[in-house]
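Below is one structure, written out as structure tokens; comments come after it.
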Amino acid sequence: MQWKGRKVLVTGAGGFIGSHLCERLLQEGAEVRAFVRYNSRNDPGLLCYLDRNLFSILDLQAGDLRDSGAVQRAVHGVDVVFHLGALIGIPYSYRNPREVVDTNIMGTLNVLEAVRQHEVQRIVHTSTSEVYGTAKMERIHEGHSLHGQSPYSASKIGADKLVESYVRSFGVRAVTIRPFNTYGPRQSRRALIPTVVSQALQGSTIKLGSLDTIRDFTYVADTVAGMMAAVAAEDVIGEEINLGSDSEVSSGEVVRLVGALLNRELKVETQSDRIRPAASEVQRLRSDNSKAMAQLGWKPAMPFEEGLKHVIAWCVAHPITQAVDRYEV
Ligand SMILES: NC(=O)c1ccc[n+]([C@@H]2O[C@H](COP(=O)([O-])OP(=O)(O)OC[C@H]3O[C@@H](n4cnc5c(N)ncnc54)[C@H](O)[C@@H]3O)[C@@H](O)[C@H]2O)c1
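For the sequence shown, this note's numbering begins at 726 and goes up steadily by one.
Here's what the structure looks like:
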């Protein structure tokens, strides 16, 4: 796929995956407009870690996804939209479900309306494996039923269904990508892997909600490659496609591997007060990624231990001073 000169909008550009996607698109020669959430500090989020030369050619637009006018202006004149902007914290969604619904559902509606009016060639909408809830089969394929196990998950299901309806009703050229847990440099210390690494760098006791939660981790560069492949692929309009590595790693195994890589003995303290409500906890997620392989020609390339080494290197280079024992998925 030729990215050179293509005009691309990324929402959620200042976030973890969005910043890596912008970086890769710029390296490929795309003209990237980055939609970041406004703040009065002129802070572009994680885009501040981009090489200065790349950052200087970004078209940075600050705004809010809930503001239809701002979204219209951001979409105007682009060929491709990657929609990643969302509120992603599950515990935050327990406390603030209305804001999460407004951002994730109404924000997506604003993006879809703008894409429809400006006749954008393709939109890649970012869903999540959380829409499936706890797995009812060993490897989750795209036909797995959807379960609103948290307000976050419900909001993403709502957004996905709006996308489906805009494809069917208005011919919007959308593909929905469902990443399973993505990890890598720049990820918030709120997520499991950076939490474990950061705690391990500060001491020998790791405080976690549970050791048994099982996830399918994909390195961020692989997730980005899959999203970009979804623009190039034929016959994927209206499809939902998992991006996962088709492997299972428990939280306990993450601690063991990080300890081994750091050559440190790590103890774990589980914190029962931080465990999610039982019926809301998603215990196991493992992807069936055969559709991504067949339709996008995508295959995850980063071995898990190698990816962990990149996260460790990032955390060592970017130490934080505050406590990092607030583990929240
Ligand atoms: N990280 C993962 O493991 C993972 C897994 C599956 C799906 N996803 C999905 O991928 C996307 C990106 O996730 P991420 O991990 O990079 O999260 P992130 O929180 O780092 O990035 C999301 C970005 O959206 C922006 N945003 C939030 N509300 C906004 C608003 N009202 N207006 C404008 N911007 C707003 C935030 O400022 C943030 O920069 C999300 O849609 C998420 O649901 C992530």
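For every residue, glycine included, the Cβ atom is placed at its ideal position computed from N, Cα and C.
Problem - Pair within 8 Å by beta-carbon distance, P904 and T859 - result: The residue you call residue 904 lines up with position 179 of the sequence shown. The residue you call residue 859 lines up with position 134 of the sequence shown. No, the Cβ-Cβ distance between P904 and T859 is not below 8 Å.
Problem - For A1026, the three-state DSSP class (helix, strand or coil) - result: By 1-based counting over the sequence shown, the position of residue 1026 is 301. Three-state result, A1026: coil.
Exercise for the section: Just mark Q846 as buried or exposed, buried being the case when its beta carbon has 16 or more other beta carbons within 10 Å. Expected result: Counting from one through the sequence shown, the residue named residue 846 turns up at place 121. Q846 comes out exposed.
Handout entry: Best match in C1040, G832, E824, R898 for proximity to G794 [C-alpha to C-alpha]
Key = Along the sequence shown, read from residue 1 onward, the residue named residue 794 stands at position 69. For the residues C1040, G832, E824, R898, the minimum Cα distance to G794 belongs to G832.
Practice task
Using the Cα positions of A925 and Y908, report the straight-line distance between them to the nearest angstrom.
Solution key: The residue you call residue 925 lines up with position 200 of the sequence shown. The residue you call residue 908 lines up with position 183 of the sequence shown. For A925 and Y908, the distance between alpha carbons rounds to 17 Å.
Handout entry: Short Cβ contact (8 Å threshold) for L771 with R911
Key = Looking up residue 771 in the sequence shown gives position 46. Looking up residue 911 in the sequence shown gives position 186. It is a contact, given that the beta carbons lie within the stated cut-off.
Practice task
In the DSSP assignment, find the alpha helix (DSSP H) that holds V825 and state where it starts and stops.
Solution key: Residue numbering aside, residue 825 sits at position 100 when the sequence shown is read from its first letter. V825: member of the alpha helix (DSSP H) spanning 822 to 826, first to last residue.
Handout entry: Proximity winner among I782, Y857, S972, C1040, relative to D885 (alpha-carbon distances)
Key = The residue labelled residue 885 in the question sits at position 160 within the sequence shown. Nearest of I782, Y857, S972, C1040 to D885, Cα basis: Y857.
Exercise for the section: Check the C-beta distance from Y965 over to S852 and give it rounded, since I have them as a contact under 8 Å. Expected result: For the purposes of this step, residue 965 is identified with residue 240 of the sequence shown, where counting begins at 1. For the purposes of this step, residue 852 is identified with residue 127 of the sequence shown, where counting begins at 1. Strictly speaking, residue 965 in this sequence is Glu, with Tyr absent from that position. Their Cβ separation, rounded to whole angstroms, is 7 Å, which keeps E965 and S852 in contact under 8 Å.
Practice task
For E855, count neighbouring Cβ atoms within 10 angstroms of its own Cβ and tell me buried if that reaches 16, exposed if not.
Solution key: Position 130 of the sequence shown, counted from the start, is the residue given in the question as residue 855. E855 is buried by the Cβ-count criterion.
Practice task
Identify the continuous alpha helix (DSSP H) that holds V842 and give its terminal residues.
Solution key: Numbered from its first residue, the sequence shown carries residue 842 at position 117. The question names Val, but residue 842 is Gln in the sequence shown. Taken as a continuous stretch (DSSP letters only), the alpha helix (DSSP H) holding Q842 covers 832 to 842.
Practice task
May I ask you to list the residues that DSSP assigns as paired with E965?
Solution key: The sequence position of residue 965 within the sequence shown is 240, counting from 1. DSSP, once it has assigned bridges, lists T901 as partnering E965.
Exercise for the section: Check whether the Cβ of D789 lies closer than 7 Å to any heavy atom of ligand 1, and answer yes or no. Expected result: By one-based count along the sequence shown, residue 789 stands at place 64. Yes; taking the cut-off as 7 Å, the Cβ of D789 has a heavy atom of ligand 1 nearer than that.
Problem - Residue burial classification, T828 (beta-carbon count within 10 angstroms, cutoff 16) - result: Here residue 828 refers to the residue found at position 103 when the sequence shown is read from its first residue. T828 should be labelled buried.
Handout entry: Inter-residue spacing [alpha-carbon to alpha-carbon] between S976 and I782
Key = Counting from 1 along the sequence shown, the entry for residue 976 is found at position 251. Counting from 1 along the sequence shown, the entry for residue 782 is found at position 57. One C-alpha to the other measures close to 39 Å.
Problem - C-beta contact flag for R943 and S913 at 8 Å - result: Here residue 943 corresponds to residue number 218 of the sequence shown, with the count starting at 1. Here residue 913 corresponds to residue number 188 of the sequence shown, with the count starting at 1. The sequence given here places Thr at residue 943; Arg does not occur at that position. Taking 8 Å as the Cβ cut-off, T943 and S913 do not qualify as a contacting pair.
Problem - Best match in T736, R981, E1030 for proximity to R791 [C-alpha to C-alpha] - result: By 1-based counting over the sequence shown, the position of residue 791 is 66. That would be T736, whose Cα lies nearest to the Cα of R791.
Exercise for the section: Using beta-carbon positions only, say whether L968 and L887 come within less than 8 Å of one another. Expected result: Translated into positions along the sequence shown, residue 968 becomes position 243. Translated into positions along the sequence shown, residue 887 becomes position 162. If you check the CB distance, L968 and L887 do not come in under 8 Å.
Practice task
Please work out which residues of its chain come closer than 6 Å, Cβ to Cβ, to Y1052, disregarding the five sequence neighbours upstream and downstream, and give them in chain order.
Solution key: Translated into positions along the sequence shown, residue 1052 becomes position 327. With a pLDDT of 48 at Y1052, under the threshold of 50, the modelled position of that residue is not reliable, and no figure is offered here.
Problem - Run of the alpha helix (DSSP H) containing H808, from where it starts to where it stops - result: As a working note, residue 808 is residue 83 in the sequence shown. Note, H808: premise wrong, no alpha helix (DSSP H); beta strand (DSSP E) at 805 to 808.
Practice task
To the nearest angstrom, report how far apart I962 and Q842 are at their CA atoms.
Solution key: Along the sequence shown, one-based indexing puts residue 962 at 237. Along the sequence shown, one-based indexing puts residue 842 at 117. Approximately 18 Å between the Cα atoms of the pair.
Problem - Residue nearest to K992 in terms of C-alpha spacing, selected from H850, V826, G928 - result: The count along the sequence shown starts at 1 and reaches residue 992 at position 267. Out of H850, V826, G928, the CA that lies nearest to the CA of K992 is found in G928.
Problem - Chain-order list of residues whose beta-carbon lies under 6 Å from that of A1107 (same chain, five-residue window excluded) - result: Since the first residue shown for the chain is 726 and the last is 1054, residue 1107 is missing from the structure and cannot be characterised.
Exercise for the section: Please specify which runs of the beta strand (DSSP E), each continuous and at least 3 residues long, are wholly inside the segment 727 to 804, giving them in chain order. Expected result: 732 to 736, 756 to 762, 784 to 788
Practice task
Counting only runs of 3+ residues fully inside the segment 844 to 914, write out the beta strand (DSSP E) ranges in chain order.
Solution key: With a minimum length of 3 residues, the continuous beta strand (DSSP E) runs that stay inside the segment 844 to 914 are 847 to 851, 899 to 904.
Handout entry: Rounded separation between L775 and E844 - CA only
Key = Locating residue 775 in the sequence shown gives position 50, where the first residue counts as 1. Locating residue 844 in the sequence shown gives position 119, where the first residue counts as 1. Distance between the alpha carbons of L775 and E844 is about 30 Å.
Problem - N-terminal and C-terminal residue of the alpha helix (DSSP H) that V983 is part of - result: Here residue 983 is taken as the residue at index 258 of the sequence shown, counted from 1. 976 to 987 is the span of the alpha helix (DSSP H), which, as asked, contains V983.
Problem - Run of the beta strand (DSSP E) containing V1007, from where it starts to where it stops - result: Residue 1007 sits at position 282 when you count from the first residue of the sequence shown. Element bounds for V1007: n/a, residue is neither H nor E.
Handout entry: Sequence-distant residues of the same chain with beta carbon closer than 8 Å to E863, five excluded per side
Key = By one-based count along the sequence shown, residue 863 stands at place 138. Here the set comprises R1011.
Exercise for the section: Measuring alpha carbon to alpha carbon, tell me which of A946, R989, N764, A738 ends up nearest V922. Expected result: Here residue 922 refers to the residue found at position 197 when the sequence shown is read from its first residue. Checked all of A946, R989, N764, A738; the closest Cα to V922 is R989.
Practice task
Would you check whether ligand 1 has a heavy atom nearer than 7 Å to the C-beta of S854?
Solution key: Looking up residue 854 in the sequence shown gives position 129. Flag set: Cβ of S854 near ligand 1.
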